[in-house]
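Sequence order for the protein chains is A and B. Take the first sequence: its letters are residues 668 to 1098, numbered as in our numbering. Take the second sequence: its letters are residues 668 to 1098, numbered as in our numbering. Remarks on the structure that follows.
2 protein chains.
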Amino acid sequence: MRIELINTGSELMLGRVVNTHQAWICRQLADRGCPVRRQVTVDDSAPAIVEAVRDALGAADLVVVTGGLGPTRDDRTRDLIAALLGRPLLEDPSVWQHIQDLMARRGRPVLERMRLQARVPAGARVLPNAHGTAPGLLLRVEPNAFRPGGGRSLLALLPGPARELVPMFLEQLVPILRNDLPLRPDFFCRTLRTTGLGESQIEDMIAGPLREQCAAGLDLAYCARVGEVDVRLSATGPAASEHVRLAETLVCRLLGDRVFGFDEDTLEGVVVRRLAARHLTVALAESCTGGFIAHRLTNIPGASAVFPGGAVTYSNDAKQSMCGVPSATLAGQGAVSPQTASAMAAGVRTLLGADMALGVTGIAGPGGGSEAKPVGTVYIGLATGEGVMARQFFNPVDRETFKWVTSQQALDMLRHALDAPAPGEAAPGRP
Amino acid sequence: MRIELINTGSELMLGRVVNTHQAWICRQLADRGCPVRRQVTVDDSAPAIVEAVRDALGAADLVVVTGGLGPTRDDRTRDLIAALLGRPLLEDPSVWQHIQDLMARRGRPVLERMRLQARVPAGARVLPNAHGTAPGLLLRVEPNAFRPGGGRSLLALLPGPARELVPMFLEQLVPILRNDLPLRPDFFCRTLRTTGLGESQIEDMIAGPLREQCAAGLDLAYCARVGEVDVRLSATGPAASEHVRLAETLVCRLLGDRVFGFDEDTLEGVVVRRLAARHLTVALAESCTGGFIAHRLTNIPGASAVFPGGAVTYSNDAKQSMCGVPSATLAGQGAVSPQTASAMAAGVRTLLGADMALGVTGIAGPGGGSEAKPVGTVYIGLATGEGVMARQFFNPVDRETFKWVTSQQALDMLRHALDAPAPGEAAPGRP
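Laid out in structure tokens, this is it:
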């Protein structure tokens, strides 16, 4: 089955909005065994949309289009596609009623132009939108006159806003595709999330041992981002799940505790979960990461149970007043030193009465480096009830990447410190 | 001129990496008057890449392809395109020398497979890569056999990593395109960055007054994201710059201080710049934003001059121990109250000896709401030498959006407090 995805929106082509729908939809379909073959972005203009839809229908079994279903003059997808397919637009009374009800619930006026959203191309199936006014639309294009050889294609139009698109995709479109198109039930996929190793290092460690399984149909892929690499194992067929599970066990054994999680896990999510399971709390003292580690932890619902708070100690005075770093340490060893990192961690742990604490200090750049301590130098201190230690890292990258990589290293130090399994927990490396 | 962009990478089609190159390249070209007409993403497979390049050459004057130039077996773009165009690959000795020199400088071994990157399709122009091994390649496709009617197209192959792509694009490709393709010299574009108003509110305020200018060739576009809307003004022709400047002045007058900056400005960048210009410092006490405001401020190089630090006070204990919020306030008015927000701001201002401070407390959800204070309730306190005040907001959105919107509101309160112009500064609304 060939799937194509079209994202519409002039703001995307002006480059002022990053296309996050692409990754999300591609992932949903790939993890169900049907990767998107081609993704296209075009602006809101009629020729661009019509051309993209015509081209996609000329090749694909399923075409998913996002955006352009709203009530403004830029929202032309519905009308353009109805015209392209030669279908009249008919008002669906239940959709119009839904729009009126939704506006009433929100205490907002019903504008006449909203009624455009109740117009449905003849023969289309309406996908009700619980979170907005514009419904999704599903059209069976049969026979598909755009495709050499004809046949039948499915065309799904989804609203642009994520809060409307995501539930509609998961709750309505996926079940339909399961029945209607072969979203392969015999496909199985597992993604192992790792940090601390590069892609080629991982390849050296696992490609050989997995060679036989790959020859037998296991698909092995890597997705490298800065500071983490995903190992994706997938297979198709009656024994797919067993096949992937066997490979997963092998990779976990080979990579050990470099595997921090699976599939949708994040490093901060794993750390919060592990802390919660052990009824432990962590405090933070951040200098060069400037609050980014706190931000990552507090992105996880339930973080408040394990994270009392943190200090962002950008200045030396703040390191003293918030974490009690001795001025002698700052003057003698410097703000970027293992001693300061340790004192920050120990100080904030005491201040907030936490079980554990991280202290992070370094030189993010672009300024502030020296010959002895060049831009990229980092020290991360870890304080627990058993004492304090600090490690040195070197991340000579741009400022934003620096904060990301350093936060990965700090969270990973914390994860390792939590790795000694408590009773009832999985063994290290199987979070 | 028609431009198409092709991003290659299986990690993009698996949806595990967000395609940020798309927005960046689209923006570079759009802001030079040549928006990308169609952007396509495909995986690393030979059929997908060949099909995408062939289709793009069939329609475009300029095709930009990113990714697939490296030394691994997934890097097939160069070979596939050479084959598609019927050009032999010839080793370029200067490229091979550059690869060896770069590895030597980095103290890394030269691997034989790296030599593949020195192979250049006959007739291609090499774009040297100062930050990596794989050069960019520029091919003149003339006559273009893929395009009905023939003609001539330009095909640019750029490396995937951003630190290699960005300088190569700006320093090498843009100057070439200026000479070689009409990157319109008579195009002028200005983006006004606003916060605090919705897209339709802005349209109501400016579309009427700009009607005449739009009829005379001014292009007016909106890019709405959560918590901010860009107003993009552009024009082409000998008077383009004057035309846009006039419109800009008018929009600035109509929107007043809702305009926080221009073009590449960010709200945090404007706030840091304004603080620095006035030699003021700001401290933060963050509860529900969990360090995100500190993260945004410290993304700006030079933030250390205006930001001594902040407290992330997730727990009530932390609000007391770090900011000195009285326990009576927490017990009486609650952690989410104007009194607590004010006390947090005043406390952290004193603790860190800052000129100004923000205190942010609210209920991000999904848990923690009540009838009196539902999920989304926010109070932001602002402390200065003149006293403390607090404002209420209501952001009933998902957790991540909540943090973003709340941080926008807090930074914007700070910006307004800084708006009284100091001597030599621009008037409010013209940051």
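Note that beta-carbon positions come from the ideal geometry of N, C-alpha and C, so glycine has one too. All of these numbers come straight from a predicted model, not from anything done at the bench.
The ligand MN heavy atom lying under 6 Å from the CB of residue i
| i | result |
| --- | --- |
| G1014 (chain B) | The ligand MN is not part of this structure, which contains no ligands at all. |
Whole-number beta carbon distance between residue j and residue i, since they are thought to touch under 8 Å
| i | j | result |
| --- | --- | --- |
| L822 (chain A) | V808 (chain A) | 6 Å |
| F927 (chain B) | R860 (chain B) | 6 Å |
| I670 (chain B) | A726 (chain B) | At roughly 10 Å, the Cβ-Cβ gap does not stay under 8 Å, so I670 (chain B) and A726 (chain B) are not in contact. |
| A1012 (chain B) | G958 (chain B) | That belief does not hold up - the Cβ atoms of A1012 (chain B) and G958 (chain B) are roughly 16 Å apart, past 8 Å. |
| L805 (chain B) | I843 (chain B) | 7 Å |
| T1073 (chain A) | G1029 (chain A) | 6 Å |
| L864 (chain A) | V893 (chain A) | Rounded, the Cβ-Cβ distance is 13 Å, inconsistent with contact. |
| R740 (chain B) | E758 (chain B) | About 19 Å separates the two Cβ atoms, so there is no contact after all. |
| G1026 (chain B) | G1043 (chain B) | Actually they do not touch by this definition, with Cβ atoms about 18 Å apart. |
| S982 (chain B) | P975 (chain A) | 4 Å |
| D711 (chain B) | T675 (chain B) | 6 Å |
Buried or exposed (CB count within 10 angstroms, at least 16 for buried), residue i
| i | result |
| --- | --- |
| R1082 (chain B) | buried |
| G1091 (chain A) | Note that G1091 (chain A) scores 47 on pLDDT, short of 50, meaning its location in the model is unreliable and no value can be drawn from it. |
| G1034 (chain A) | exposed |
| P1098 (chain A) | Annotation note: pLDDT 41 at P1098 (chain A) (below 50); position unreliable, coordinate value reported separately. With 16 or more Cβ atoms within 10 Å of its Cβ, P1098 (chain A) is classed as buried. |
| P802 (chain B) | buried |
| A719 (chain B) | buried |
| S901 (chain B) | buried |
| G1052 (chain B) | exposed |
| A1084 (chain A) | buried |
| R721 (chain B) | exposed |
| G999 (chain A) | exposed |
| A1093 (chain A) | Residue confidence for A1093 (chain A) is low, a pLDDT of 49 falling below 50, so the modelled location carries little weight; the figure read from the coordinates is stated next. A1093 (chain A) comes out exposed. |
| A1067 (chain B) | Correcting the residue identity first, residue 1067 (chain B) is Glu in this sequence and not Ala. By the 10 Å Cβ count, E1067 (chain B) comes out exposed. |
| Q784 (chain A) | buried |
| Q764 (chain B) | exposed |
| Q1075 (chain A) | buried |
| T994 (chain B) | Before going on, a small fix: residue 994 (chain B) reads as Ser here, not Thr. When all chains shown are included, S994 (chain B) counts as exposed. |
| Q839 (chain A) | buried |
| E779 (chain A) | exposed |
Neighbour list for residue i in chain A, Cβ cutoff strictly below 8 Å
| i | result |
| --- | --- |
| P975 (chain B) | Y981, S982, D984, A985 |
| A713 (chain B) | By Cβ distance, chain A contributes nothing, its closest Cβ being about 13 Å from A713 (chain B), past 8 Å. |
Where residue i meets chain B, residues with beta-carbon distance less than 8 Å
| i | result |
| --- | --- |
| R899 (chain A) | L681, R683 |
| R940 (chain A) | Neighbours of R940 (chain A) on chain B: none; closest Cβ ~16 Å, over 8 Å. |
| A719 (chain A) | R705 |
Sheet register partners of residue i (DSSP bridge)
| i | result |
| --- | --- |
| F855 (chain B) | B:A902 |
| E870 (chain A) | DSSP output for E870 (chain A) lists no bridge partner at all. |
| A952 (chain A) | A:A978, A:G1026 |
| N674 (chain A) | A:T708, A:T733 |
| G928 (chain B) | B:R860 |
| S820 (chain B) | B:V808 |
| P788 (chain A) | A:L756 |
| R1058 (chain B) | B:I1047 |
| D742 (chain A) | Paired residues: none, contrary to the question. |
| G1001 (chain A) | None, per the DSSP bridge assignment. |
| D768 (chain B) | Answer is none; D768 (chain B) lacks a bridge partner. |
| D886 (chain A) | A:S901 |
| A1010 (chain B) | Beta-bridge pairing links A1010 (chain B) to no other residue. |
| E909 (chain A) | None, per the DSSP bridge assignment. |
Cross-chain neighbours of residue i in chain A, by beta carbon under 7 Å
| i | result |
| --- | --- |
| W763 (chain B) | Neighbours of W763 (chain B) on chain A: none; closest Cβ ~21 Å, over 7 Å. |
| T708 (chain B) | Q689, Q706 |
| S988 (chain B) | L1018, L1019 |
| T965 (chain B) | G957, G958, Y981 |
| H962 (chain B) | G957, G958, F959, H962 |
Residues that residue i contacts on chain A, provided the C-beta gap is smaller than 9 Å
| i | result |
| --- | --- |
| P702 (chain B) | S677, M680, L681, G682, D710 |
| P968 (chain B) | A1031, G1032, P1033, G1034, R1066 |
Interface residues of chain B facing residue i [CB-CB closer than 9 Å]
| i | result |
| --- | --- |
| R892 (chain A) | E678, R683, V684 |
| C693 (chain A) | L679, M680, L681, G682, R683, T708 |
Does the segment 876–884 of chain A come close enough to the segment 907–915 of chain A to have 3 or more Cβ pairs within less than 8 Å?
Short answer: they touch.
Spell out a yes or no on whether the segment 934–948 of chain B and the segment 1002–1012 of chain B are touching, meaning 3 or more CB-CB pairs, one atom from each, closer than 8 Å.
As far as the Cβ criterion goes, the segment 934–948 of chain B does not touch the segment 1002–1012 of chain B, which means the pair count is below three.
Give a yes or no on contact between the segment 680–688 of chain B and the segment 681–692 of chain A, applying the rule of three or more CB pairs nearer than 8 Å.
Touching, yes, given that three or more Cβ pairs across the two stretches are closer than 8 Å.
Between the segment 1036–1047 of chain B and the segment 979–994 of chain B, can you find at least three pairs of beta-carbon atoms closer than 8 Å?
The segment 979–994 of chain B vs the segment 1036–1047 of chain B: no contact.
Does the contact criterion of 3 or more C-beta pairs under 8 Å hold for the segment 809–828 of chain A versus the segment 729–745 of chain A?
Judged by Cβ distances under 8 Å, the segment 809–828 of chain A makes contact with the segment 729–745 of chain A, as three or more pairs qualify.
Would the segment 707–717 of chain A and the segment 767–774 of chain A be scored as touching if the rule is three or more Cβ pairs under 8 Å?
Taking 8 Å as the limit for Cβ pairs, the verdict is that the segment 767–774 of chain A does not touch the segment 707–717 of chain A.
Contact between the segment 835–842 of chain A and the segment 789–803 of chain A is defined here as three or more beta-carbon pairs at a separation below 8 Å; is this criterion met?
At 8 Å Cβ cutoff, the stretches touch.
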